[in-house]
Structures are given as structure tokens and as C-alpha cells.
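A.B. asks:
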Amino acid sequence: DNGSIVDYFEYVNGGDPIRHDGYYWTGNQGIFAGGAIMVYNHTKDPKYLDVATKVINYVAAIQDQEGEDRILNREWHEIDGCGGKGILGRWMGYFIRETGNHDYDEWMITSAKVALSNRNNENIMMSAFGMT
Numbered sequence: 652d653n654g655s656i657v658d659y660f661e662y663v664n665g666g667d668p669i670r671h672d673g674y675y676w677t678g679n680q681g682i683f684a685g686g687a688i689m690v691y692n693h694t695k696d697p698k699y700l701d702v703a704t705k706v707i708n709y710v711a712a713i714q715d716q717e718g719e720d721r722i723l724n725r726e727w728h729e730i731d732g733c734g735g736k737g738i739l740g741r742w743m744g745y746f747i748r749e750t751g752n753h754d755y756d757e758w759m760i761t762s763a764k765v766a767l768s769n770r771n772n773e774n775i776m777m778s779a780f781g782m783t
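Our numbering runs 651 ahead of the 1-based position in the sequence shown.
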């Protein structure tokens, strides 16, 4: 109901699944919102637009709670958590273009500016935009 996406379930020793609500990765949130917009574009059923909007609003609210002047926060995971911001950014752009909802334009522009201004000596942006 609030737009959060359960990132994964864990099965331990063949038992019942353990739901991990405390984990969210912006990439998965973005993919889910983007998929909902695609289904909405195909079906014109407003429930899919509502789902996408709730997911985007949820991600923005979580990011805002974590501070950093409303920029996309650092995600870290030993495998692939860091790439989530790029995936979310791509799908947020799609959401904005397809819906005409520009509520998060400033947030995306600020995140892009901070990322670009914090490239390392190899011209690479790290997951934590302030890292070099």
C-alpha cells in the first residue's frame, strides 16, 4: 500500500521463507516502477500508474530520511547494491517523461550535479558521491 517493494525472501534449511522488509535497493524499486508505467501505457488502467507513483514516492521519502540534502544515498552491498542508483535514475527519468510528473526533477538534477562534481581521478563516480 505504501509503495515499498520487498527486496527478497530467504529460505533457511528448507523452512518457511523469511521476509526481509528492511532491505530495499533503489534498482529494484526503479525497475518495479518502470514496469508499472509500461503496463499502464499498454493497458491505460490507472491502477498501474498509481502503483508506479507510490513506488517513486516511497523511494524519495526513504532517500529524504537518510539526509544528504536529498541526493540519492550511498548503497553498499558486496555484490551489486551500488548499481541501484543508476538503475533508479534511468527509471525515474522514464517515469517523469511518461507521466509528466515533475515533482522529482530537482532531486534528480541535484543528484546528477553532486555525482558529476565528485568524480575520482579516473573520472569515475563512486556509489557514495563524495568518495574519491
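Each residue gets a CB set at the ideal place from its N, CA and C atoms; glycine is no exception. Computed from a predicted structure; not experimentally measured.
Return the CA-CA distance between ASN679 and ARG748, expressed in angstroms with no decimal places.
C.D. replies: Here residue 679 corresponds to residue number 28 of the sequence shown, with the count starting at 1. Here residue 748 corresponds to residue number 97 of the sequence shown, with the count starting at 1. Spanning the two alpha carbons is a distance of roughly 19 Å.
A.B. asks: Work out the CA separation of ASP696 and SER618 for me, nearest whole Å.
C.D. replies: Lying before the first or after the last residue shown, residue 618 is absent from the chain, which here runs from 652 to 783.
A.B. asks: Output needed for TRP742: all residues of its chain with C-beta closer than 6 Å, excluding positions within five of it in sequence on either side, in chain order.
C.D. replies: What you label residue 742 is simply residue 91 of the sequence shown in a count that begins at 1. If we look at TRP742 and ignore the five residues flanking it on each side, its Cβ neighbours are GLY681, ALA684, GLY685.
A.B. asks: Using a threshold of 9 Å, state whether the C-beta atoms of VAL706 and SER655 are closer than that.
C.D. replies: Indexing the sequence shown from 1 puts residue 706 at position 55. Indexing the sequence shown from 1 puts residue 655 at position 4. Taking 9 Å as the Cβ cut-off, VAL706 and SER655 qualify as a contacting pair.
A.B. asks: For TYR755, which three-state DSSP category applies?
C.D. replies: Counting from 1 along the sequence shown, the entry for residue 755 is found at position 104. Reduced to three states, the DSSP call for TYR755 is coil.
A.B. asks: Does ILE688 pass the burial test, meaning 16 or more other C-beta atoms within 10 Å, or should it be called exposed?
C.D. replies: Here residue 688 refers to the residue found at position 37 of the sequence shown. ILE688 is buried by the Cβ-count criterion.
A.B. asks: Starting from GLY685, trace the alpha helix (DSSP H) both ways and give me its first and last residue.
C.D. replies: Locating residue 685 in the sequence shown gives position 34, where the first residue counts as 1. Where GLY685 is concerned, the enclosing alpha helix (DSSP H) stretches over 677-694.
A.B. asks: Among THR677, ASN771, TYR745, whose alpha-carbon lies nearest the alpha-carbon of LEU700?
C.D. replies: Residue mapping note: residue 700 aligns to position 49 of the sequence shown, counting from 1. Comparing Cα-Cα distances from LEU700 to each of THR677, ASN771, TYR745, the minimum goes to TYR745.
A.B. asks: Is ALA711 near TYR755, with beta carbons less than 9 Å apart?
C.D. replies: As a working mapping, residue 711 is identified with position 60 in the sequence shown. As a working mapping, residue 755 is identified with position 104 in the sequence shown. Their beta carbons are under 9 Å apart, which means ALA711 touches TYR755 by this criterion.
A.B. asks: Can you check which of these residues, THR677, ILE775, ASP667, TYR691, is closest to THR750 by C-alpha distance?
C.D. replies: For the purposes of this step, residue 750 is identified with residue 99 of the sequence shown, where counting begins at 1. Looking at the Cα atoms, TYR691 is the closest of the given residues.
A.B. asks: Applying the criterion that 16 or more other CB atoms from any shown protein chain within 10 Å of the CB defines a buried residue, is THR694 buried or exposed?
C.D. replies: Taking the sequence shown and counting its residues from 1, the one referred to as residue 694 is at position 43. Exposed.
A.B. asks: Going by alpha carbons, who is nearest to GLU735 out of GLY666, THR677, ASN653, PRO668?
C.D. replies: Looking up residue 735 in the sequence shown gives position 84. Contrary to the premise, residue 735 reads as Gly rather than Glu in this sequence. When only C-alpha atoms are compared, the closest one is THR677.
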